[in-house]
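Okay, structure first, notes after.
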Ligand code: 5RP
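In our numbering, the protein residues as written are 530 to 754.
In structure tokens:
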């Protein structure tokens, strides 16, 4: 099974939602990359005009500019569409995101989207969040050991995401703690206490934000909403 082909199928379906003149949120990761490339192709060919975009990471910003998309800074105007991948998708379209390390900018952009379309291959579908993926939690560097102790007191186990022998640093200068919880732990219910933990900048829980998902499987692309 070619997962890359499935990611691309899902991404291309989502890009059909973009019309000329739209303001678009661009996600991060290996699936979002296909959407950015396809949008760039449509912009460069003249099929779409007047597109402006905000990217959710330095990497997506660089890719978008390289493929000819006009990239702006984030301001309070809404996005017509935001398109992004996910690490897990539950039946209510609640998500775990952030294994690509971009959860904070992703949430800042996608919360302002009228239509937030998730794109993924079928391996990302779960019955309950936390089934497969750890929950990425962005934490301030200062006091990180104290912060992770607070998270452990809430039932989390896990470790800092590493980049070689050093902690991975996000585009915002923070660390990421990859948290795991006991089976059956209701992560959607835990969101408020995790988010309210001193030292936590934000979590990879995207609850009630996605409006639609395109999930690609060998038998075709399924639309969920
Ligand atoms: C980055 C993300 C990504 O959207 C998520 O990790 C999915 O990535 P991929 O499409 O590479 O599987 O949240 O922070």
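Glycine residues also receive a C-beta, built at the ideal position from the N, C-alpha and C atoms.
Residue j beta carbon less than 7 Å from that of residue i
i, j, result
"residue 770", "residue 648", "An answer regarding residue 770 cannot be provided, because it is not within the stretch 530 to 754 covered by the chain."
"residue 665", "residue 641", "no"
"residue 610", "residue 644", "yes"
"residue 704", "residue 668", "yes"
"residue 714", "residue 690", "no"
"residue 589", "residue 637", "no"
"residue 612", "residue 569", "no"
"residue 557", "residue 585", "yes"
"residue 709", "residue 686", "yes"
"residue 480", "residue 694", "For the chain, the structure presents residues 530 to 754; residue 480 sits outside this window and is missing."
"residue 726", "residue 679", "yes"
"residue 591", "residue 600", "no"
"residue 738", "residue 639", "yes"
"residue 579", "residue 559", "no"
"residue 583", "residue 603", "yes"
"residue 731", "residue 633", "yes"
Cβ-heavy atom distance, residue i to the ligand 5RP, below 6 Å
i, result
"residue 626", "yes"
"residue 631", "yes"
"residue 722", "no"
"residue 558", "yes"
Extent of the continuous alpha helix (DSSP H) to which residue i belongs
i, result
"residue 569", "559-573"
"residue 676", "673-682"
"residue 590", "587-595"
"residue 538", "532-544"
"residue 717", "716-724"
"residue 635", "632-639"
Any non-hydrogen atom of the ligand NAP within 6 Å of residue i CB
i, result
"residue 614", "Among the ligands in the structure shown, the ligand NAP does not appear; only the ligand 5RP can be found there."
For residue j and residue i, believed in contact at Cβ under 8 Å, the rounded distance
i, j, result
"residue 646", "residue 618", "Going by Cβ atoms, the distance from residue 646 to residue 618 rounds to 12 Å, so no, they are not a contact pair."
"residue 623", "residue 658", "6 Å"
"residue 596", "residue 565", "6 Å"
"residue 672", "residue 630", "No, residue 672 and residue 630 are not in contact; Cβ-Cβ is about 20 Å, not under 8 Å."
"residue 543", "residue 743", "5 Å"
"residue 734", "residue 716", "6 Å"
"residue 755", "residue 620", "Given that the chain is displayed from residue 530 to residue 754, the structure contains no residue 755 and the question cannot be resolved."
Delimiting residues of the beta strand (DSSP E) encompassing residue i
i, result
"residue 553", "552-555"
"residue 581", "581-584"
"residue 688", "686-689"
"residue 707", "704-709"
"residue 699", "No beta strand (DSSP E) contains residue 699, which DSSP labels as neither H nor E."
"residue 753", "749-753"
"residue 609", "608-613"
"residue 665", "664-668"
"residue 644", "642-650"
"residue 655", "Premise fails: residue 655 is in no beta strand (DSSP E) and is neither H nor E."
"residue 731", "729-732"
"residue 712", "Premise fails: residue 712 is in no beta strand (DSSP E) and is neither H nor E."
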